[in-house]
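**Q** Handing you a structure now.
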Amino acid sequence: MTVKDLVEKFGMQAVAGEKGLGRSVKSGYCGDLLSDVMANAPEGCVWLTIQSHQNIIAVAVLREMACIVITGGHAPDNETIGKAESEGIPLLLWSGSAYTMAGMIYSAGIK
Amino acid sequence: MTAFKKSFNIKKRDFVRAGEASIKIQNILKLLNMDQKLIRRIAICGYEGEMNVVMHGGDGILTVEIDIEKIMLDIEDNGVGIEDIELAMQKGYSTATEEHREMGFGAGMGLPNMKANSDDFKIESEKGKGTHVHMEFIVSAD
Numbered sequence: 058m059t060v061k062d063l064v065e066k067f068g069m070q071a072v073a074g075e076k077g078l079g080r081s082v083k084s085g086y087c088g089d090l091l092s093d094v095m096a097n098a099p100e101g102c103v104w105l106t107i108q109s110h111q112n113i114i115a116v117a118v119l120r121e122m123a124c125i126v127i128t129g130g131h132a133p134d135n136e137t138i139g140k141a142e143s144e145g146i147p148l149l150l151w152s153g154s155a156y157t158m159a160g161m162i163y164s165a166g167i168k
Numbered sequence: 314m315t316a317f318k319k320s321f322n323i324k325k326r327d328f329v330r331a332g333e334a335s336i337k338i339q340n341i342l343k344l345l346n347m348d349q350k351l352i353r354r355i356a357i358c359g360y361e362g363e364m365n366v367v368m369h370g371g372d373g374i375l376t377v378e379i380d381i382e383k384i385m386l387d388i389e390d391n392g393v394g395i396e397d398i399e400l401a402m403q404k405g406y407s408t409a410t411e412e413h414r415e416m417g418f419g420a421g422m423g424l425p426n427m428k429a430n431s432d433d434f435k436i437e438s439e440k441g442k443g444t445h446v447h448m449e450f451i452v453s454a455d
């Protein structure tokens, strides 16, 4: 499954990093504590978080993630969007909870 | 002899650019075709080190040295320093502010993560003067 498939299947809003939409999503990770995510998130994952500040982009690049989903209706600031764009990390928004989205992604076969 | 050495400036409270030096180092190591797991360990250590300087360190310098047998990261800052290093190395101990915690930092995992992901870890600090973290990563021959 690609990031684009995720966006279309679950009606997420892509706000930045569209050049990365063709990336393959291999697994997932949920977390709002950046040190935990930095230490444990797998490569090629979709990362679900309520954090929306610019440091999430560096974490996603360093962990070579497929994309970031900001859940719970939290909105990224302009710096975060700009950084996601320049690093080519797809930044997706979803108004529901991380729990619900994780369940849907897991059911779709990303385990 | 060091094959490659590069330093990056890190500025106090510069959350906007925090992590950029580690991303650059990661790109260099990828170009050198280094082992992916090794690159990830170095990325974790670089990032945690950068965030420590941004949050507590005043201004600092992150230096990477790449040799045939090992890679070294040095993070030096002129910030507040650490009074009790043994306490600072404990998982879960943190002096992060409320602002840092809201951003998802301050779990007291930074220094322990750095120690766990490096092959050699040394830390020196003097209260009021600054901190120097030195880490080494062995490049395996295979």
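For the record, the sequence lines run as chains A and B.
First residue of the first sequence: 58, per the working numbering; consecutive thereafter.
First residue of the second sequence: 314, per the working numbering; consecutive thereafter.
Note that the Cβ used here is the ideal one computed from N, Cα and C, for glycine as well.
#1: Could you check whether the segment 371-378 of chain B touches the segment 151-160 of chain A, counting it as contact only if at least three pairs of C-beta atoms, one from each stretch, sit closer than 8 Å?
#2: Using alpha carbons as the reference points, say which of Arg353(B), Lys337(B), Gly332(B) lies closest to Lys319(B).
#3: Please classify Asp134(A) as buried or exposed, where buried requires at least 16 other C-beta atoms within 10 Å of its C-beta.
#4: Would you list, in sequence order, the uninterrupted alpha helix (DSSP H) runs of no fewer than 4 residues that lie entirely inside the segment 343-401 of chain B?
#5: Between Leu90(A) and chain B, is the shortest Cβ-Cβ distance under 9 Å, so that the two count as touching?
#6: Output yes if chain B places a C-beta closer than 9 Å to the C-beta of Thr106(A); else output no.
#7: Name the residues in the segment 120-146 of chain A whose C-beta lies less than 7 Å from a C-beta of chain B; which are they?
#8: Alpha carbon to alpha carbon, what distance is there between Phe434(B) and Lys428(B)?
#9: From Gly101(A), Ala117(A), Gly166(A), pick the residue whose C-alpha is nearest to that of Glu142(A); which is it?
#10: May I ask you to verify whether the segment 123-140 of chain A touches the segment 334-349 of chain B, counting CB pairs closer than 8 Å and requiring at least 3?
#11: Cutting at 6 Å between CB atoms, please list the residues of its own chain near Lys324(B), excluding the five before and the five after it.
#12: In its own chain, which residues sit with a C-beta less than 8 Å from the C-beta of Arg354(B), not counting the 5 before and 5 after it?
#13: Taking Cβ-Cβ distances shorter than 9 Å, what residues in chain A pair up with Tyr406(B)?
#14: Helix, strand or coil: which one does DSSP assign to Lys324(B)?
#15: Using a C-beta cutoff of 9 Å, does Met158(A) count as contacting chain B?
**A** With the given structure in hand:
#1: no
#2: Restricting attention to Arg353(B), Lys337(B), Gly332(B), the CA atom closest to the CA of Lys319(B) is found in Lys337(B).
#3: exposed
#4: 349-365, 398-401
#5: yes
#6: yes
#7: Hits within the stretch, in order: Glu136.
#8: 6 Å
#9: Ala117(A)
#10: Taking 8 Å as the limit for Cβ pairs, the verdict is that the segment 334-349 of chain B does not touch the segment 123-140 of chain A.
#11: Asp372
#12: So the qualifying residues of the chain are Asn430, Ser431, Phe450.
#13: Those do not exist, as Tyr406(B) stays about 13 Å from chain A at its closest Cβ, beyond 9 Å.
#14: It is coil, neither helix nor strand.
#15: no
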